[in-house]
Amino acid sequence: MLTSKLLKNSSIWKCSTICGRSVSSSQTVDSAKAQTKAATYDDRTSIQAAPKKLGKLEPFVKNLFLGRFDKSVLAYPMALDRERHDTLHQMVVPIEKFFLEDLDSAAIDRNAKIPPEVLQQVKDLGLYGMQIPVEYGGLGLGATEYSRLCEIIANDGSIGVTISAHQAIGFKGLLLEGSEYLKKKYLPGLATGELLAAFCLTEANSGSDAASIQTRATLAEDGKTWLLNGSKMWISNGGTADVMTVFARTEVDGKDKITAFFVERAFGGVTSGAPEDKMGIRGSNTAEVHFDNTPVPAENVIGEVGKGFKLAVTILNSGRFAMGSTTAGVLKRGLGMTLDYAFTRKQFGHTINEFGLIKQKFASAAVNIYAMESMAYHAAGLMDSYEEYDTAVEAAIVKVFSSNQGWILGSELLQIMGGLGYMKSYPYERYLRDGRITLIFEGTNEILRMFIALMGLQHAAPELKTLVQKLRNPFNNPGFVIKTTLRQIRDRNDRPKLIHDLPGYVHPSLKESATSLEYCVERFRFAVQIILSKYGLDVVKPQHQMDVVRLGDMAIDLYAMTSVIARASRAYCDGIHNGEHEMLLARTFCKEAEQRIRRLMSGVQNMGETTDLEYSAIADMLYSKGGYAAQHPLTVEGW
Amino acid sequence: MMFANVCKFCKQFHTCKTSHLLSLSTLKIFPKHIYMKAYCASHGTAIQVNLPVVSQNVPYHPIPIQQNIWQSLSTYFKGSRHLHTSSMHEMKFRKGPSMSNPDEEKRLTRQGYFKADVRNKDSFLIAIDVYKEQEKLLRGHVEFIQAALKSMEEFGVHKDLEVYKKLMDVFPKVKMIPQNIWQAEFDHYPIQQDCAVDLLHRMETFGVIPDAEMEDIILMVFGSNSHPMKKCRRMNYWMHKFANASPWPLPKPVPSEVLELAKLAVARMCSVDQASEITVFDTAEVKDAIDHTWIVSGQSIHQRELVNKQPENVPLKVEGPWKIFLREQSIDYFVLKADPLPSPQVEQMDKDDVSLIGLLLNPDCSLKADTAITIRPSVHEQKDGTILAICITGTSSRDSLLSWIRLLSLSNPRLEEGLPVIFLQASPTASDEIVPADHSSTSDEKKLEAGDMPTTDGQDASSGKNEDSNKYK
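These protein sequence lines map, in sequence, to chains A and B. Under the UniProt record's numbering, the residue at position 384 of the first sequence is numbered 384, and the numbers go up by one with no gaps. Under the UniProt record's numbering, the residue at position 238 of the second sequence is numbered 238, and the numbers go up by one with no gaps.
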């Protein structure tokens, strides 16, 4: 009795089950069951070898908008079984060697061209078909493994972008919705790198607003061929791609709808402009692509006619998660290089690593790298461990956080280098230039922050409908107001009741951080209520963005806190090397994140504390004057 | 609840509320009585405090205060593992593993399985297979396992997880899983459970960590509410932490090649200074070297600066050999050392005079100036001397050390210019074969003066008998 009680109560057992070191410990024994099934353990090992995917994952961040917290995500996902884990680590070795030792990234950047023999080596490593299933000649990697390899590939921005434009978006449509015919025809060539793919969505007048594209496809008279007309802009691999996923307007039942086509350059009528000269990722090819009556056979339509916009969004959503590991990979390397420098550089009789301000920079870099890494592999792990999932918001969060922090931290690390970092003869400034694009492509960070907020609100709105209606009309619903008064008072006074018991799901040493996360979750739920009752249907209006985007920012920090706590807890329970350090990183991150959320929350709760209105007025003035409107400081009146 | 957390370094007692206590991991042994493991934030890496913690500051009661009859029963009930599966408890309250049981004579019958001539892993596994084959009903499996445990070291399989798993798999399945709380509470099949705990205890002693499969086997044999399972889970929780506690992780197994071992050892010792550079020299580069061997040398740029600062006439010393252990393997290393520097004279500054703040930016009195603030001595400047470089050589011979100094002088111009170096190879651990002549004169100091010719030996009074191998250049 005592024993069973102990096992139930002890938080350690809770942890060890949660952290799920073994498959078996979670499918805990039911002795009766075990008795009926008197198998020897030899039989059971075969079951262990292939971990089954779990069923459906409820959208995690979206549910946060409703104040619901799915505690299962606090068990940091372990997507790889032992075999895949070992294979991956073997795979990493030659790729790492190639990217760190053999590659001359400086020359690629200088000449703005990747030499064909280098690309051939990349193809030989199998990097062109990482996520293509094995039966089509690819490596058949899951999201986690893909993220790990991207971490290395990112050491050269140009090659990284070429590869990810090829497979993260270029032919992703085929994998998601392509017909068997298309898959069989193209995937083997794409996997070996014989064919290079590109993703043609952006147009001169249609960037973030993808629904407004003007390229048009019309059905030819024979009814079996589409004729494609229009031009696309800033297409990665645009000048070099052999095949392209092109989105164009088509007429379906009298309405204009977007359809996706898989177009070969060989179909004819495809021309591309000169490669653009860019700030970073200079080796990658970016060009305009023009289609002039390009004939596309009807079987080259990806998915259904008229369902292209949804496909485009799905492709973009599914590719974003890898940016977290990508940025983390580069930053980790940069951190190492900067550390080496700081150890040897002496000023005022001290090596500069001893100075507090430098320590601060390094530490903050480590904390944020830890967060972006945790999030990236958390999201990827969820994708790999569930059959059905909706991680669009999580992927967007990973992208926004990592690209933003990548720029900030990259700049801070460069700052430690001082003048050395600014010189072209060292690689540091190139990393920074290459990294700048991540804030812009695959959905700009501003759009994505709004996307996070609005997707969550959209998810929460049906359930909050009656609540918000009543909140907006308190005098018509006195009964409701009285009933919820206590909770409202607690929420208003910043004393939310913590009901999720999150500390019970992580290692006891993380109690403080878990409590802080729980507090933030409750505050976030209240923030959603406030925003919805403040704006109602107007939340989507452009003028409210400054306020609404706070929800997006809070959601980013919430997801970061969750994944960081989950990872550190698992690391410490497992007892891995430097697990203690991970706990410290997690605690530090949670402290900072809580401060940020508190600040954002006070903005949501009390507009007077923000400068939204002032910013709005200032911007309006600038617009009306067509520029900076204040007089020159040397202007004097009344002489 | 009683907390006992002692930071190993500051020797202070912390409660879990203390702010500088970074993390607490509880090991619940008893609902009313908790022992803890503590880490101290102010000392960086994890400090392992043995469980249960005994300290001068904290009264430690090895016997829990009894709350009721059940608890007292389970504490003193012979063979009880209800509360304690730890090795500490084993030492204090039990007579040791049940292998030292007076019944042992009877159990010796099972040792016949382990009398093979060839004693290796294969024959051990065959012995287990033979037993299983002969005893279909698994009669005497406890005695068999105890006999097996006894002979594991002879077969050299005492660190092999696979073998332990195979042994644990000998137990009959399902039969011994408790079916109700009474069976769970009072030892169900106590002898078998004791035997399994002994097996796990043996693993713990040799640092073998049970894996998920081991847990599966125990699950099938004893169920989850059993002492072996509790022990196994606790081992699984703690042992990973112990195994990874070292800040200098070593590959498993440690390389047997001496050069690789030397690189690891030098890297470990050099980790005090991140700016250290580890170089592998070949003595063939040195002109007059007798021994042709490798030298792994570690020196940081800060140590090079210290060499430059050494006074002209005070000789440096090559000390050693000393031993460094990498797990079970040891290797000899040598140190180039200088006499300790006098501690810097610090001119007292008036700390209340805030007008001195400009110090940092003022070119006349920057932080470098000795007048106001002195530079903190580097990690290499210890009380017993300043460590300038360390090395491990392939032969540990005096000649190879001489070659080392010559190779070092390439990057340390002061050595080239004639900074005297003395070799103090006095330790009996030095290899007898390499330098037999010098072993007798243990207290001798051999001077290496730059510019001395190998032919001259007149000046060297203290070691007149020595061959010219002591004096080069």
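Ideal Cβ positions, reconstructed from N, Cα and C, are used throughout, including at glycine. Only a predicted model underlies this, so the values are computations on that prediction, with no experimental measurement involved.
Reference residue i, options the options, closest by Cα
i: A363/A; options: L125/A, E592/A, R567/A and S533/A; result: E592/A
i: I452/A; options: V305/A, M417/A, V393/A and R282/A; result: V393/A
i: E177/A; options: A204/A, I159/A, T259/A and V270/A; result: T259/A
i: R495/A; options: L551/A, R598/A and M417/A; result: R598/A
i: M607/A; options: K113/A, Y431/A and R550/A; result: R550/A
i: I416/A; options: I163/A, A342/A, V161/A and N368/A; result: A342/A
i: F526/A; options: A197/A, M554/A, V636/A and R449/A; result: M554/A
i: A460/A; options: L57/A, L64/A, N353/A and G419/A; result: L64/A
i: W322/B; options: A262/B, L306/B and S276/B; result: A262/B
i: S425/A; options: L74/A, D104/A and E83/A; result: D104/A
Any non-hydrogen atom of the ligand GTP within 7 Å of residue i CB
i: I153/A; result: The model depicted lacks the ligand GTP and carries no ligand whatsoever.
Check whether residue i and residue j have beta carbons under 8 Å apart
i: A210/A; j: F401/A; result: no
i: N300/A; j: V263/A; result: yes
i: L127/A; j: L141/A; result: no
i: V92/A; j: I152/A; result: yes
i: E204/B; j: M168/B; result: no
i: G410/A; j: G334/A; result: yes
Between the CA atoms of residue j and residue i - distance to the nearest angstrom
i: I108/A; j: H292/B; result: 44 Å
i: R304/B; j: I392/B; result: 18 Å
i: Q329/B; j: N120/B; result: 21 Å
i: L219/A; j: K71/A; result: 51 Å
i: T87/A; j: L125/A; result: 14 Å
i: R68/A; j: L517/A; result: 13 Å
i: D384/B; j: K230/B; result: 49 Å
i: Q192/B; j: I218/B; result: 12 Å
i: V270/A; j: M383/A; result: 36 Å
i: I565/A; j: E96/A; result: 29 Å
i: S297/B; j: P255/B; result: 19 Å
i: V330/A; j: I281/A; result: 14 Å
i: E582/A; j: E180/A; result: 46 Å
i: P436/B; j: L326/B; result: Here P436/B scores only 38 on pLDDT, less than 50, and its place in the model should not be relied on; the value that follows carries that caveat. So the two alpha carbons sit approximately 28 Å from each other.
i: N578/A; j: V258/B; result: 28 Å
i: R406/B; j: L413/A; result: 39 Å
i: P178/B; j: I278/B; result: 59 Å
i: E333/B; j: T588/A; result: First, the amino acid is wrong: residue 333/B is Tyr here, not Glu. Cα to Cα, Y333/B sits roughly 41 Å from T588/A.
i: E135/A; j: A191/A; result: 11 Å
i: T635/A; j: K278/A; result: 39 Å
i: I315/A; j: K172/A; result: 6 Å
i: L149/B; j: Y76/A; result: 38 Å
Three-state secondary structure assigned by DSSP to residue i
i: M244/A; result: strand
i: V54/B; result: Model confidence at V54/B stands at a pLDDT of 32, short of 50, so the residue's coordinates are unreliable and nothing is read from them.
i: A338/B; result: strand
i: F114/B; result: helix
i: R249/A; result: strand
i: residue 641/A; result: Chain A is shown from 1 up to 639; residue 641/A falls before or after that span and cannot be answered.
i: P228/B; result: helix
i: A212/B; result: helix
i: G443/A; result: coil
i: Q183/B; result: helix
Per-residue contacts from residue i into chain E (C-beta, under 8 Å)
i: T344/A; result: No chain E is present in this structure, whose protein chains are A and B.
Closer than 9 Å, Cβ to Cβ, to anything on chain B: give me those residues from the stretch 566 to 578 of chain A, in chain order.
Y572, C573, D574, G575, I576, H577 and N578
Using a beta-carbon distance cut-off of less than 9 Å, what residues from the UniProt domain "ACAD9/ACADV-like C-terminal" (508 to 628) of chain A approach chain B?
P508, S509, L510, Y572, C573, D574, G575, I576, H577, N578, G579, E580, H581, M583, L584 and R587
Taking a Cβ distance cut-off of 9 Å, strictly less, list which residues of the stretch 230 to 245 of chain B are near chain A, in chain order.
K230, R233, R234, N236, Y237, W238, M239, H240, K241, F242, A243, N244 and A245
Give me the subset of the stretch 294 to 319 of chain B whose CB atoms are less than 7 Å from a CB atom of chain A, sorted by chain position.
I301
Residues of the stretch 247 to 265 of chain B in Cβ contact with chain A at a cutoff of 7 Å, in chain order, please.
P249
What residues in the stretch 263 to 282 of chain B have a beta carbon less than 7 Å from any beta carbon of chain A?
Q274 and A275
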